[in-house]
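Residue numbers (this note's numbering): 129 to 184. To start, the structure itself, in structure tokens.
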Amino acid sequence: MMPDVVEKPEVGTKATSVTEVFAGIFLILIGLLLIRFGFFFAGALVAVVGLVVLAF
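Below you can see the structure in the form of structure tokens.
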């Protein structure tokens, strides 16, 4: 049986969550720009990191 995922403790304020959202969106946009200019694997990696930042 899989153990439950431990929730992140709510230490940060709302400002940090907003910062995380902006960081994730920024990373995704950078990744899309890299893909646009031909650096597909680097761009995909950056975009995935941005999605992970948004998810957690």
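C-beta atoms are modelled at their ideal positions from N, C-alpha and C, and glycine is treated no differently.
(Q) Can you look up Ala167 in the DSSP assignment and give me helix, strand or coil? (A) Position 39 of the sequence shown, counted from the first residue, corresponds to residue 167. Note that residue 167 is Phe in the sequence shown, not Ala. DSSP places Phe167 in coil when its eight states are reduced to three.
Q) Which word fits Gly166, buried or exposed, when buried means at least 16 other C-beta atoms lie within 10 angstroms of its C-beta? A) Walking along the sequence shown from the start, residue 166 turns up at place 38. So Gly166 ends up on the exposed side.
Q) Leaving out five residues before and five after Val174 in sequence, what residues of the same chain have Cβ atoms less than 7 Å from its Cβ? A) Locating residue 174 in the sequence shown gives position 46, counting from the first residue. Setting aside the 5 residues that flank it on each side, Val174 is surrounded in the same chain by Leu155, Ile158, Gly159 and Leu162, each with a C-beta closer than 7 Å to its C-beta; the list follows chain order.
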